[in-house]
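2 protein chains.
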Amino acid sequence: MSEAALAEPAGKRERTKLANRAAILAAARAVFAQMGYEAASVRDIIRRTELASGTFYNYFRSKEEVFEALADDGARRFKPLLRAARENAKSFTEYLKGAFHAYFSFIVEDNALEGRPIEERRPHVRVDTPEMIAVYQEVRQGLDAAIAKGMAPKVDADYLACACIGIAQEVGTAMLRRSPPDIAAAAAFAAGLVLKGLEGAPRKD
Amino acid sequence: MSEAALAEPAGKRERTKLANRAAILAAARAVFAQMGYEAASVRDIIRRTELASGTFYNYFRSKEEVFEALADDGARRFKPLLRAARENAKSFTEYLKGAFHAYFSFIVEDNALEGRPIEERRPHVRVDTPEMIAVYQEVRQGLDAAIAKGMAPKVDADYLACACIGIAQEVGTAMLRRSPPDIAAAAAFAAGLVLKGLEGAPRKD
DNA sequence: CAAAAAATTGACGCCACGTCATAATTGTGC
DNA sequence: GCACAATTATGACGTGGCGTCAATTTTTTG
């Protein structure tokens, strides 16, 4: 039978599994944006799909795990952008600017859905999924490399990475509150702060 | 009768109300530390007290509101320390160092309870209680004042305050993960970064 | 095409939620 | 001291989400 010979990967099993998973994630994203993460229930999410309540648990163990999957996806999409910023940069300055710019662009895109305020869309717990940790390590590597090459002073790289992430998060959220968000200005601010700040941070050993 | 002529404020009504509220807050603090914020339920909290479940709702509307009260208390205790750091400082450098040092000392104290990892004890959303906002404003005022007096360059004070808070949060958490936490080192790092970084941040107008 | 394997379904028992009528406690006027 | 009003505590109750699981449907295998 030459009826249906398309779709992407393999058997129907695989395809519907991917489709269901994607449907749940899409529904969750919408529900979190519209009613806020805390207020949302697994039932709210599954009701937005055509699936039965029990099916949800074939894919995720809880609402938290759905959020982690969303966060993980986000981190997975963001990581190559960060990597690219590092590889394309001709100087440490350029790297920092590129990295912050990439992040700020990313969160503007990622919060494009209409709905509740940004703060309420997120869970009440820090999500440290593998991909999120990978992003931290990418940041850390970039900074380590710069220090090793003498492009940046020898400072506590762990603290520095944490500081960069903290700056990105807070300045990023502040930027989102302004309208329209000025990505370039925020990136210039953050990069300028860190770049010069490096000189002021205590040398390590 | 001269039986009991003590306690603090007024009638018995007032006293037990304060005691109950305090009991709930103490129980909540312990429960959050031991089982994590997410996993905790209102029932878990109230079971730790001698009160009935309904009584909880005479004092708080939800678990979230209890957390807010705890955060608010923390902010209320911290604010004067921050203020003192500003007033006692003879220079902008001193102010920054003092402020970061105060914050890092504060969180070390505040997380002294045994239990689950720091990250799980709290919600990750910004809890923007009045007192928390007041802390942001105190930070903001300190920076505004320094800029006005020419002790710091004219930069976007909102972004700068956000950046300082982000640095404090992330570097603070990183510090707590190390044992023993070196408050002075963390404060020196954060203050050094911001102080010098200020020179690199874009001037505003 | 039949049997096996896998995934979906929705009803079920459980428990936390927030409410509310009732009871207990405290303050007030005499 | 006592009776009455006001306030607060209590815990049983209805509601609804949670996660499970036996039954059913769908897909794959041989």
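If you're matching them up, the sequences are chains Z and X in order.
Residues in the first sequence are numbered from -14 upward in steps of one, following the working numbering.
Residues in the second sequence are numbered from -14 upward in steps of one, following the working numbering.
Positions of the beta carbon are idealized from the N, C-alpha and C atoms, including for glycine.
Source: prediction; values computed, not measured.
For residue i, which three-state DSSP category applies?
i, result
"Z:HIS109", "For Z:HIS109, the predicted structure reports a pLDDT of 48, less than 50, and the residue's modelled location is therefore unreliable. A value from the coordinates is still provided. Three-state result, Z:HIS109: coil."
"Z:PHE45", "coil"
"Z:ARG0", "helix"
"Z:LYS82", "helix"
"X:SER164", "coil"
"Z:ALA(-8)", "Only weak support is given to the placement of Z:ALA(-8): the predicted model assigns it a pLDDT of 45, under 50, and the value that follows is read from those uncertain coordinates. Correct three-state label for Z:ALA(-8): coil."
"Z:LYS204", "The requested residue 204 of chain Z does not occur in the structure, where chain Z is confined to residues -14 to 190."
"X:VAL124", "helix"
"Z:ASN96", "coil"
"X:THR34", "coil"
"Z:PRO187", "coil"
"X:VAL140", "coil"
"Z:ARG101", "coil"
"X:ALA169", "helix"
"Z:ALA176", "helix"
"X:SER26", "coil"
"X:GLY21", "coil"
"Z:LYS75", "coil"
"X:ASN5", "helix"
"X:THR158", "helix"
"X:GLY59", "helix"
Our contact map puts residue i next to residue j with C-beta atoms below 8 Å; I'd like the distance itself, whole angstroms only.
i, j, result
"Z:LEU67", "Z:LEU180", "That pair is no contact at about 17 Å."
"X:MET160", "X:PHE89", "6 Å"
"X:ALA18", "X:LEU98", "4 Å"
"X:GLY151", "Z:GLY151", "3 Å"
"X:ALA70", "X:ALA84", "5 Å"
"X:ALA119", "X:LEU55", "That pair is no contact at about 16 Å."
"Z:ALA169", "Z:HIS86", "7 Å"
Which bits of chain X does residue i rub up against, with CB to CB less than 9 Å?
i, result
"Z:ASP95", "Under the 9 Å cutoff, chain X gives no residues; its nearest Cβ is about 16 Å from Z:ASP95."
Are residue i and residue j close, meaning C-beta to C-beta below 7 Å?
i, j, result
"X:ASP194", "X:GLU123", "Because chain X is modelled from -14 through 190, residue 194 of chain X falls outside the range shown and cannot be assessed."
"Z:ALA37", "Z:PHE77", "no"
"X:TYR144", "Z:VAL156", "yes"
"X:ALA137", "X:LEU183", "yes"
"X:ALA153", "X:ARG125", "no"
"X:ALA173", "Z:PRO187", "yes"
"X:ARG106", "X:TYR44", "no"
"X:ALA8", "X:THR34", "yes"
"Z:VAL140", "Z:LYS189", "yes"
"Z:VAL27", "Z:LYS(-3)", "no"
"X:VAL16", "X:ILE31", "no"
"X:THR114", "X:GLU53", "yes"
"X:PRO166", "X:VAL93", "yes"
| query | Closer than 8 Å, Cβ to any Cβ of chain Z: which residues of the segment 173 to 190 of chain X, in chain order? | reply | Correct list: ALA173, PHE174, ALA175, GLY177, LEU178, VAL179, LEU180, LYS181, GLY182, LEU183, GLU184, GLY185, ALA186 and PRO187.
| Chain-ordered residues of the segment 142 to 167 of chain Z with a beta carbon less than 7 Å from chain X | Identification of residues in the segment 142 to 167 of chain Z having a C-beta nearer than 7 Å to some C-beta of chain X yields ASP143, TYR144, CYS147, ALA148, ILE150, GLY151, ILE152, GLN154, GLU155, VAL156 and ALA159, given in sequence order.
| request: Determine which residues of the segment 34 to 65 of chain Z have a Cβ less than 8 Å from any Cβ of chain X, and write them out in chain order. | output: The residues in question are GLU49.
| task | Could you list the residues in the segment 16 to 27 of chain Z with a C-beta less than 9 Å from some C-beta on chain X, going in chain order? | result | When C-beta distances to chain X are compared with 9 Å, the residues of the segment 16 to 27 of chain Z below that value are TYR22 and GLU23, in chain order.
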